[in-house]
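The end of the sequence shown is residue 237 by my numbering, with every number in the run present. Below: the structure, in structure tokens.
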Amino acid sequence: MARVAAIRRAGRERMREEGPYDPENASDSDEEPQESFLTSAVRAEDRKTRVERNKQRRLFEERRELSAKRRAKRERVLADQAKRIRKQAEEDQKNQEQARQEKQQMLAERPEDPKLGKHGFQPLPPAVLLKDEIGASIRETKTQTSRDLLRDVQNNLERQRLIEPRKQL
């Protein structure tokens, strides 16, 4: 024990004489480091007292408890969110099923071939461009006009039996 104390004192005295380590002034000699740096134990001022160890242990336990509380809270929140999402999904599924049943009921009540007016539904012939309408390039090709688009919308509504079919001109 006395030997260790003597080595420590020698190391402290050497540090006071030389000052802190400076890499610019360090010597490149192949001196072997003194025994005091190799075998030095923890200095008395670096040792922790029982009070410090207890304090550190309490802080560690408090942090661990706090993280456990946070983790538990996060799990509770996620569980609540999962319940809410599950409930919402069940509600949506019920609404979809109800809408599907209402639609089937409406289709069942509707006659097979109702006639809204004196003219029946006549689908439009497919729009095909003639040879003279097709240009040399895509840019020169004629596009549909707004009149054609309106005619398509009207035909679609007639097909769905939402408006009375008109006589085509």
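Using N, Cα and C, we set each Cβ at its ideal position, and we do this for glycine too.
Going by C-alpha distance, which of the options is nearest residue i?
i      : options                        : result
Pro193 : Gln236, Gln166, Gly185, Glu129 : Gln236
His187 : Arg229, Gln156, Lys123, Ala167 : Arg229
Ala195 : Thr213, Glu129, Gln166, Glu165 : Thr213
Could you round the C-beta distance between residue i and residue j to whole angstroms and report it? I think they count as a contact, below 8 Å.
i      : j      : result
Leu184 : Pro233 : 7 Å
CB residue i to CB residue j, shorter than 8 Å?
i      : j      : result
Gly203 : Thr211 : no
Arg76  : Arg111 : yes
Asn163 : Pro191 : no
Roughly how many angstroms separate the alpha carbons of residue i and residue j, rounded to a whole number?
i      : j      : result
Leu218 : Gln169 : 33 Å
Arg227 : Arg207 : 33 Å
Ser135 : Arg115 : 29 Å
Leu127 : Glu133 : 10 Å
Lys171 : Asp160 : 16 Å
Gln166 : Ile153 : 20 Å
Arg131 : Glu158 : 40 Å
Asn122 : Arg138 : 24 Å
Val145 : Glu129 : 24 Å
Met174 : Phe189 : 21 Å
Asp98  : Glu113 : With a pLDDT of 49 at Asp98, under the threshold of 50, the modelled position of this residue cannot be trusted; read the value that follows with caution. Rounded to whole angstroms, Asp98 to Glu113 spans 31 Å at the Cα level.
Residues in its own chain within less than 8 Å of residue i by CB, not counting five upstream and five downstream?
i      : result
Leu225 : Ile231
Glu201 : Thr209, Lys210
Ala70  : none
Asp216 : Ala195
Gln124 : Lys116
Val119 : none
Which same chain residues end up closer than 6 Å to residue i when comparing Cβ atoms and leaving out the 5 residues on each side of it in sequence?
i      : result
Asp220 : none
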